[in-house]
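Numbering (our numbering), first residue to last: 8 to 1206.
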């Protein structure tokens, strides 16, 4: 039996006050969890309260579990083992678990399915995306071009964020069926216009009597434009409206008169009313989409009998609001209601808690640690309740910090007390423990360091080489990461702290990989929580790929990944041999392997053949067992049978890698419990979880029963509630990004705001947007300050602050978008602009004029050697573990399963090292490059904004390949290509029966006249000289996919161009003939060579380069217009032209990469009729976009 812990007077007062409502403002590290535990235990032991009548709410399931365990342990310590066992039954949970329990107790009253399931965040997001897509399609069908224009204004990703975010905000405020509030009634424009015109006349008269300078001349021009409004006209667009504004007065005294002020006020009023009048219909249109989405999302959840987290809160609160038996039962159910992290509640949660715990609600929190605004937490709720509690004498404080070194606390207290936070709200940071080591001559270093990287000097052209931890990383950010890694390494080498004592915290996970690589380059083991994501871990990807092959051996990409992985370990030569055999035999890679097992040819080294044979045997056994094994058992069998577990254990961080596989097994068990044992279903879920649309929220698995001796990297939000001996807060030079959903704002008081972006020109702020945006920006800035306060207070012994900026500007107040390092430096230092001097780059100065001290280092090219060591510029990784035991070697891993036409040299050049995120490859399809070349703006609308082509629009029919055809151009082309792929060139042309069969399979209605026309077209080709050349080829491949690897300056940034070639023939001469069939409608007078040069030159370049890269000495590319098959357009290329072809293709790729989306220079009906922007968005008038295609002049002959 243990006596009571040594609580402070503050803590004891909170524990002893167990009657009525109570609010506790608890600063960081003040022992609030221990106080909550003791208060709960004391209520049971000292007050005779039943343990089941105490409700304790914590923020996460993990925190609730830890709280329950501490309660159990405390009962044990106080000599009550029977209550320790009962603690398992204590009502300690999250608020969502409480809501679920209330609803399951009263499903009929609540109107929910009694067997409802609760969606996790990922499943809810997947359902939201599908619901949005469905709502978007219906919305566009209803609203037509108005919806298209609105979607183009906001871009599809932003529109999706606006709609989903708005619905979730309204639900957090208690709206079960969220709808946008109506826009305010517009003001009449005529009186406002008349006042503006009158003010303009008065000002014009006053200015006519002064000497015209440049500013006054500009003002007179604006007044002249304003005079045009007198005739009843109105500005046509925001740019014209802006032309009515007066220039800034500057030194022009004439523009500072009362007449000027009258005009400016009149202009502001008129402008706002004009913008509001334009915004009102758009607001209504957005309201329709919001309602459609909300309905679709609700219906999708009903269909699968599911509730998301917001539903739990909404339905439980509605049930208790309705009164009756449920309200009575739950309002009287608990004698104590205790809530942790109360600062992170939203209005709906607060109402629920008050209904359950009115008059006995104990809440603990800290307004300065409220960092979940993006989840609709509202710190104003905590502040208001604190004011009320203080007025009623029901507020207590916990201000003594037991976590951190006193010297560290003094520094943070001095910086944050008056310079960052309101002193009335700041509880303060008073030390409750002694330093672990007394300051001495050997240990007199400051406990806080500020590492500042000079963004300006590291961005200059002349600078030291830093290597390349991550391709494409900004140089100044890499310089910061290099210095931080150096300091961490120095701390570890000093011996007081190990790697496992250190954490690197970042606001966003986007650049986590950069810091991870910089640390690993110093030989430091790392453990990333978030960042590139759990599913990006190599070992997880290997196992998932193997499961994919078990499900379907014909999954070429999965098969290639497994063969190249340590599970099999085929080398480059074996992979090339398999690809060559697949091409020669016109088979899939798995079919080649099966034939090889039956005695077929497959040339590879004996060791590789042995590895492949072992894999095939294992795979057969695993496929046989898959139907009877549970999913987690199948994963275990895959890992153990291949020896992959031993291989992972042989690597640095091996136990952590194996823990990630155990986590995959757990995820598989959870999936099987919820969805059943179907392997394909599990793989689909993994694909969704690791996709781009959903954030990968899975962290690497913790290593069980092992002290993780690795530097941890995580976001600040993940670190909430944790503490570490050494905390490094990094990436402080990253500016706060603008929100994707901040174009539509809803005030808590009912005010609305909408920002109207234009396709070109300035944005306009409608309704109360300006005031709401200002409030939002201020709230975001406040939360940013709280976020970094939370990060810094995670440190027990040592704190490092690291970031990039321009110290020369830090004497000025930071602007709204300034990097956090700017205001942090001003909080910490009296003279932030003067401290960072290249002549004295490493200094110790007081913190905010106090006795606390801070070490400041300036990282600039001029300080290399004194701050950033020469060895840190581009360090070579050092070994962090013993040599691995014998295991399959990691082999080259092609980025795509298609093995043609990538030569052996190209495959070998791919990234073959074990890189966490895989090769950093950007893919372009030929079709996307071709569309971008024809019209960059249409590419932007369809491929970037996601707008659908207007296949059913007026004029679309006239854009078909043949204006009189019954088939669409796409249907026509698909049928012809399918027939040519199926047809035997040595036999008769495809007949109508084959065409009808292909049409039925494709869902195409094919009439007899259409079929007859296509038979004639195909017959003409079969009798052509080009078809004869294909028949005579030594090898012929049809509908052949290809992957073309381009290179740029960074090895791992290799754009891929992908596509499908209609026919590839190797002729007796050894040259390669590449044929592309065209079903374009052409007349006898059309210049075919000119058309190819105009429309298909990029395609010709890609095909020629692909053939040359495959090893051909020369390539002839033929474009065959099937309406004139005897006149193919031919172009021949040899190896001497490969470099120029590559240069031209890379130039086109760079235009796309740089988002250079120029509108077509020659619009016409064939290109523009189905463009989603033709009617409302395109800068070309309809007479240009709907004209016949201009006849191309024949180009000059090329030598």
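Quick reminder that beta carbons are idealized off the backbone N, C-alpha and C, glycines included.
With fewer than 16 neighbouring CB atoms inside 10 Å of its own CB, residue 1009 falls in the exposed class.
Residues 1136 of the same chain have their beta carbon placed closer than 6 angstroms to that of residue 1096, with the five preceding and five following residues left out of the count. Each residue's CA atom was taken as its position, placing residue 555 and residue 566 some 8 angstroms apart.
In this structure, DSSP gives residue 553 a helical state, which the three-state scheme calls helix. Taken atom to atom, the span from the alpha-carbon of residue 234 to that of residue 188 is near 37 angstroms. In this structure, residue 954 places its C-beta atom within 8 angstroms of the C-beta atom of residue 158.
In this structure residue 292 is in contact with residue 153, their Cβ atoms being roughly 6 angstroms apart against a cut-off of 8 angstroms. Here DSSP, grouped into helix, strand and coil, assigns residue 861 to strand.
Within the same chain, Cβ atoms closer than 7 angstroms to the Cβ of residue 518 are found at 484, 738, the five residues on either side in sequence being excluded. Membership of residue 346 in the beta strand (DSSP E) is indicated by the continuous run 343 to 346.
Leaving aside the five residues that flank residue 1197 on each side, the residues in its chain whose CB is nearer than 8 angstroms to its CB run, in chain order, 1169, 1171. If you look at residue 762, you'll find it in the beta strand (DSSP E) that goes 759 to 763. Rounded to whole angstroms, the Cβ separation of residue 82 and residue 94 is 6 angstroms, and the two are in contact under 8 angstroms.
The Cβ atoms of residue 405 and residue 38 lie closer than 8 angstroms to each other.
Bridge partners of residue 1085 according to DSSP: 1128.
One thing to note: residue 1115 has its Cβ within 8 angstroms of the Cβ of residue 1145.
Annotated three-state conformation of residue 1077 is coil, per DSSP. For residue 1091, the closest alpha carbon among the candidates 870, 169, 1128 is that of 1128. Straight across, the Cα-Cα distance linking residue 1086 with residue 1075 is about 29 angstroms. Beta-bridge annotation (DSSP): residue 1072 is paired with 1043, 1080.
Counting the other CB atoms within 10 Å of its CB gives residue 311 a total below 16, which places it among the exposed residues. The Cβ neighbour count for residue 685, taken over all protein chains shown within 10 Å, is under 16; the residue is labelled exposed. About 17 angstroms separates the beta carbons of residue 376 and residue 356, which is beyond the 8 angstroms limit, so they are not a contact pair. Between residue 773 and residue 760, the gap from beta carbon to beta carbon is short of 8 angstroms. Counting along the chain, residue 772 sits inside the beta strand (DSSP E) bounded by residues 771 to 774.
In the displayed model, residue 87 falls within coil according to three-state DSSP, outside both helix and strand.
DSSP places residue 534 within a strand segment (E or B) once states are collapsed to three. Cβ neighbours of residue 125 within its own chain (closer than 8 angstroms, five residues either side excluded): 103, 107, 313, 314, 315, 316, 319.
Note: residue 722 is bridge-paired with 513 in the DSSP secondary-structure output. Where residue 1110 is concerned, the enclosing alpha helix (DSSP H) starts and stops at 1104 to 1116. Excluding its 5 nearest sequence neighbours in each direction, residue 492 has C-beta neighbours in its own chain below 6 angstroms: 525, 526, 529, listed in chain order.
For residue 932, the secondary structure class from DSSP, reduced to helix, strand or coil, is strand.
In the structure shown, residue 56 adopts coil according to DSSP, grouped into three states.
Looking at the DSSP output, residue 378 bridges to nothing. Separation of the CB atoms of residue 579 and residue 553 is rounded to 20 angstroms, and the pair is thereby denied contact status at 8 angstroms. Taking 8 angstroms as the upper bound for CB-CB distance, residue 550 and residue 636 are not in contact here, some 14 angstroms apart.
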